[in-house]
Structure formats: C-alpha cells, structure tokens
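> Going left to right, the sequence shown walks through residues 863 to 1159 as this note's numbering numbers them. This is the structure I have questions about; it appears just below.
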Amino acid sequence: MRLSFPSRAARLSRPKRAAAAGLAGAAALAMVATGAPAAHAIVGGTEVSNDAYPFMVAVLDKGPGPVKDRQFCGGSLIAPDTVMTAAHCLVDDSRKPVKPKSIQTAIGRTVLSNSRQGQIRNVAKGGILVHPRYLQGKDAYDVAFIQLSKPVRGISAVKLPTQGTDSLLRPGQKATVAGWGNTDTDLTHQPDRLRQVRVPILSHAECRTSYGEYDTKLNFCAGVEGKDSCQGDSGGPIFRKVPGREAPILIGVVSYGEGCGDQGAPGVYTSTSSAKLWKTLGDTAEAKRVKRSLHRG
C-alpha cells in the first residue's frame, strides 16, 4: 500500500491517501521498506523494447553502486536540460526539497543495468524546483522539476499538451504508464527492464468516489482492476499517442493511489495540462526558467 509523505530514505512508493496518514506515513513506509530496493514494475503490464521511450528518466540516489539499485522514482525529459517528476520524490521528511547534489538521473535508458544505454546527468546547482504549493502542504500540486547539469545529446523530449485543455483526458480514452516500479506490494524483486501498461482514463466523478481529497483542477485518475502504476513508478509518465502525431504527449505524472490495481482504487495523476498548476508555479528564477523553456508564460 502507498503511504503519505514518504521519507526520502524509502522513496519506493506513491503516497497512499488515507485520512489518518499524516507524517506518520513516512515512518510507517520506512518500517515497511527498510531500505529495500523497489520491486517488480507496473501492475498488469508488459516489458518495453529498447529505445521505445527515450524521454523516460530514472531518478537516482547519487552515490556508488549500480543504477538498478539506486533508482527510486521515474521522470520525463520535457526539455534537453529539464526533467519533470513528482514533488513527493524530491522532498525529505520535513517536506523540504532535497539537495541537488544528492540526486542523479539516467535519461533514455530502458534496461537499468545496461550502461551503454542513455546518458547519466547530475543535477545543476539550485536545480531542484518543487511546486511551492506542495511545499505548503497541498498534495494535489504533486510535481517537481530537475535542471540537469548539462543538456542531453540526441534524445528527444516528450511533448506537453496545450495548457488549459482537457481534450486528452476524456473518460474511456486509453493512456500508457511506464516505469520500473512494483507489480504488487510484495517488495521482493526489482525489475531491470522498463515496463508499461495501458489504462483507461476515468471520470472525475469516479475518482472522487475513491478519493475524497481528489482535486478536479489538478488531478485525473486512470486504471482498472489488475492494471495500474505502483510503488517505484512515482514521478513517471502517463502519456497518450494521438492519431496523426508520431510523438507521444505527456498528460500526467504518477502521483498516488490506494494499493496497486485494486478494485475501486485507480491511480491518481497530476495533470500536465492544468492551467492552475502552471499559474501557481511561482516567480523564482528557477520557476521562470522552467516556464520560459516550456513556453508556459
């Protein structure tokens, strides 16, 4: 199960939204995870072929050891030097942003253990931007940005939808989620190869039935019983391929859910087309840089 306010030490799950979770969720998650690596990937999914999703990013603890053992969240390359992920991936127990020097990224890698795939990048000084409203305790603003120490070469970024439109979020439409997270909640094995699953987008009414704190201006949900994102997929992409367009469009960021693929408990995603999300990103130098590079005003 996913717990609220996960500690950075555990960093294996999307938060569980339960009324009594609070900061105790971080301690509980740490007790459950005990530093174990993230397990399996994407509930009900299939393996991804090499180079299928070059914009896919593995967010890593910086330090010694294989990439496979250091991956704790996913992300998406949205500009040559910018990664979009979940806010809860990049905060500590006090809900403060982690230090940039503690994070590393692997961009364009399908198999985590294959050092010949993709490119490794550190984080630029001051290069972590967590949505300011998330830092204020508003969980629906679950998005953060990583500025890379230098741009990637020859890797195409994923496209973002038009700001303020929900045309790609109509109920019943299918979207794809990708990640290296759990296939269930039994933390026993971490997959090496990226996995994916196609899930139907649900109506806001269905989402509200499952989650009282669900915000229709910032979130959408997707999934059916047996198919979902799970622990370790946090921050990763949910995207759609639109007829007539070759490149996929990033419609959301993996945020939270109750269990993984459970009946009546779909996964919840932060909507990248939310006008409210971008308007409230702030006026810091880093926020202005991100909005300028993405033409978000």
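Positions of the beta carbon are idealized from the N, C-alpha and C atoms, including for glycine.
In three-state DSSP terms, what is residue 962?
Correct three-state label for residue 962: helix.
> Mind checking whether residue 981 and residue 1008 have CB atoms under 8 Å apart?
No, these two residues do not count as a Cβ contact at 8 Å.
> Using a Cβ-Cβ cut-off of 7 Å (strictly less than) and excluding sequence neighbours within five positions of residue 1080, which residues of its own chain qualify?
These residues qualify, in order along the chain: 1002, 1003, 1132, 1133, 1136, 1138 and 1139.
> Which residues mark the beginning and the end of the beta strand (DSSP E) in which residue 1057 is found?
1057 to 1062 is the extent of the beta strand (DSSP E) around residue 1057.
> Give me, in chain order, the residues of the same chain whose beta-carbon lies closer than 8 Å to that of residue 1115; leave out the 5 immediate sequence neighbours on both sides.
Hits under 8 Å: 938, 946, 947, 948, 1004, 1005, 1097, 1098, 1099, 1100, 1131, 1132 and 1134.
> What residue from 914, 1118 and 1062 has the CA that sits closest to residue 1031's CA?
The residue with the shortest Cα to Cα distance from residue 1031 is 1062.
> Just to confirm, is the Cβ distance from residue 923 to residue 964 under 8 Å?
Closer than 8 Å, so yes.
> Look up residue 1037 in the DSSP assignment and give the residues it is bridged to.
Answer is 1061, bridged to residue 1037.
> Report yes if the CB atom of residue 1022 is closer than 8 Å to the CB atom of residue 986, and no otherwise.
No. Outside cutoff.
> Go ahead and pull the three-state DSSP assignment for residue 930.
Correct three-state label for residue 930: helix.
> Taking the alpha-carbon of residue 1129 as reference, which of 1082, 1040 and 997 has the nearest alpha-carbon?
If we check each option's Cα against that of residue 1129, 1082 comes out closest.
> Could you check how far apart the C-beta atoms of residue 1143 and residue 1149 are, in whole angstroms? I think they sit under 8 Å.
Going by Cβ atoms, the distance from residue 1143 to residue 1149 rounds to 5 Å, so yes, they are a contact pair.
> Tell me whether the beta-carbon of residue 909 lies closer than 8 Å to the beta-carbon of residue 1015.
No.
> Please tell me whether, using a cut-off of 7 Å, the distance from the CB of residue 927 to the nearest non-hydrogen atom of the ligand COA is below it.
In the structure shown, the ligand COA is absent, as is every other ligand, since no ligand is present at all.
> Taking the straight line between their C-alpha atoms, what separation do you get for residue 1154 and residue 958?
Each residue's Cα considered, the two are about 25 Å apart.
> Please classify residue 1147: is it buried, with 16 or more other beta-carbons within 10 angstroms of its beta-carbon, or exposed?
Under this definition residue 1147 is an exposed residue.
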